[in-house]
Structure formats: structure tokens, C-alpha cells
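These notes are about the structure you will find just below.
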Amino acid sequence: MDIQATIFDLDGTLCTYTVTIEEAMRRSLLRCNVDHDLLGDLCGSAARYAEIWREEEAKQRRATTIHKKVWIKLLQERGEADQRTALRLAECYFNLRLASLRMFDGARELLERLRHRFRLGLITNGPSDMQWAKIDVLKIESLFNEIIVAGDIGIYKPDERIFASMLQKLDISPQHALYIGDSLEMDVAGAKQAGLHTVWINPDGKPVAELIPDFELRESAELWKVLQCDTM
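What follows is the structure, given as C-alpha cells:
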């Protein structure tokens, strides 16, 4: 392979939350001095949170708006009609989760080394305000030549157009680009459709389905195995 550009997914590939939805809910209730019993079983509430989030994400462009709507609906389903409580919890929850975001071990060092040899791109799905907030918290914007947040352009992975847009920005043809992501459906499928080489980050060793990536790694820091850059 004559790779000239490496393009990354963000969530689950380069970074992760260290506080779960359930734990962030518990802490939010505590910090906002709201009765813990308001949400009942937090495990079930966390699952419901994720479900409502997916419903609202299809209709809203901003994460702050989505969080508010999710909390309002959650509390309404529990018989709590006071939206002020929901809004306080939404803000607290958003801040808690964002503050818990961390790069995977070796990910920053990988990017630092790659940028001296390849053009670097980042493609991330999600609401614009939330994804840029993550990029800011992680302090990684300067490590990439180009960044595309799906919420900015209204095109989301696995749509091959978002990959084509990145290739155009980097001025790279697909056969010279390598895309790295943790989702077979969102990352590998879309990138392969756009003609890029693909790396699937599979930390849990899940079995490969019909869609086969070009390479499979347990973590992004192992990318040297693919690029054979260990002597850089």
C-alpha cells in the first residue's frame, strides 16, 4: 500500500467516556440535590436515556437541545412535570460526561508521530456542538490537517459522501488513504464503499461478519503494525 493519509473516527477509536451513562445520572441527581428515587432503577433509566437520545438525535442538530429533551421526557415518564429540574439535570449530566472523556492509551502519541509522515483527517458523527466540545476537551484539533463533524454538514457515516468530502479536503485519492474506526457498520462499510483501505478497531475480539475490513486491530495504537512505521 502507498498510504499518504490516515483518517480516524473519534468515539471508541481514539477516545472514550470514563463515566457511564448510569453513573453520570447518579452523580447528576446528587449534585442537583434531586431525590435518587426520581428515576427509579438507574440501569433501566440509562437504557431508556440511550433510547430517547437516538430518537431525538434524528430530529435535533444540537446536543444541548437533545440532552434537555431527553431529561424532560425521562422525568415526565416518571411523573415529574417540573421542567426546571430536568434542565438542571441535563446541564449537569452533559458537563459530567464531557469532563470524563479520555484518549485511549497511546492514541495521542500515535497521532503525534503520524502527523510527521502522513496527512491526518478526522471524521466524526454526532451533533456539531457536542463533537467540537469533545475535540476541544481532548485538545486534538491541531493534530489533524482536516476535521469533518457530520453535524456541520448534515451527512453522516456510513454515507460515502462524507468520506469523499474528506478525501477532497486532503487532496488524496482513495487508494492512498487508510480509514480507522471501531464500527463495522458506520466506519468500515462507508469507507470501503468510498474506496479507502480500512482498519477495524475491535478491542473485544468480536467475530467478523460478512463485511471484512482490510485490517483488524485491538486498539488504534497498534496501527504501526499496518503502516510498518516502527522505525520512524
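All residue numbers for the sequence shown refer to numbering that gives the first Met the number 0, where the first residue is 0 and numbers rise by one. C-beta: ideal position from N, C-alpha, C; glycine also.
For residue i, which of the options has the nearest alpha-carbon?
{"i": "Q3", "options": "L183, R118, W199, F214", "result": "R118"}
{"i": "G120", "options": "M129, H175, R83, G78", "result": "H175"}
{"i": "I20", "options": "I71, A89, K168, P173", "result": "A89"}
{"i": "R77", "options": "G105, L37, I65", "result": "L37"}
{"i": "L9", "options": "R107, K191, W223, L73", "result": "R107"}
{"i": "L97", "options": "Q130, K168, L74", "result": "Q130"}
{"i": "I154", "options": "R60, L41, R25", "result": "R60"}
{"i": "D1", "options": "R116, L41, R25", "result": "R116"}
Beta carbon of residue i: closer than 7 Å to some heavy atom of the ligand HEM?
{"i": "V18", "result": "This structure does not include the ligand HEM; it has no bound ligands of any sort."}
Using a threshold of 8 Å, state whether the C-beta atoms of residue i and residue j are closer than that.
{"i": "I200", "j": "T17", "result": "no"}
{"i": "K95", "j": "S27", "result": "Reading the sequence as shown, one finds Leu at residue 95 and not Lys. The answer is yes: Cβ separation under 8 Å."}
{"i": "A85", "j": "K67", "result": "yes"}
{"i": "G189", "j": "D213", "result": "no"}
{"i": "N124", "j": "K168", "result": "no"}
{"i": "L177", "j": "I6", "result": "yes"}
{"i": "V225", "j": "V198", "result": "yes"}
Short of 7 Å in beta carbon distance, which residues of its chain neighbour residue i, apart from the five on each side in sequence? Order them along the chain.
{"i": "R87", "result": "C31"}
Who are the near neighbours of residue i in its chain, counting only those whose CB is closer than 8 Å to its CB and skipping five residues on each side?
{"i": "L29", "result": "H35"}
{"i": "C14", "result": "L100, R101, M102, F103, A106, K133, L137"}
Roughly how many angstroms separate the alpha carbons of residue i and residue j, rounded to a whole number?
{"i": "R160", "j": "A23", "result": "35 Å"}
{"i": "Y48", "j": "K133", "result": "20 Å"}
{"i": "M165", "j": "E209", "result": "26 Å"}
{"i": "I179", "j": "A62", "result": "25 Å"}
{"i": "G204", "j": "D181", "result": "11 Å"}
{"i": "R217", "j": "Q82", "result": "43 Å"}
{"i": "E50", "j": "P173", "result": "35 Å"}
{"i": "I146", "j": "E140", "result": "8 Å"}
{"i": "T230", "j": "K58", "result": "Because the pLDDT of T230 is 35, which lies under 50, any placement of that residue in the model is unreliable, and the number read from its coordinates should be weighed accordingly. Going by the C-alpha atoms only, they are around 48 Å apart."}
{"i": "L74", "j": "F93", "result": "16 Å"}
{"i": "W70", "j": "G194", "result": "41 Å"}
{"i": "D186", "j": "A163", "result": "13 Å"}
In chain order, what residues of the same chain have a beta carbon less than 6 Å from the beta carbon of residue i, not counting five sequence neighbours either side?
{"i": "S127", "result": "V148, G150, D151"}
{"i": "C228", "result": "Model confidence at C228 stands at a pLDDT of 49, short of 50, so the residue's coordinates are unreliable; what they give is reported in the following sentence. Around C228: no qualifying Cβ."}
Please decide whether residue i counts as near chain B, where near means a Cβ-Cβ distance under 8 Å.
{"i": "S172", "result": "Here chain B cannot be found, since the structure has a single protein chain."}
**Report entry** Start-end ranges of the beta strand (DSSP E) lying completely within the stretch 135-200, minimum 3 residues
**Finding:** Complete beta strand (DSSP E) runs here, min 3: 145-148, 176-180, 196-200.
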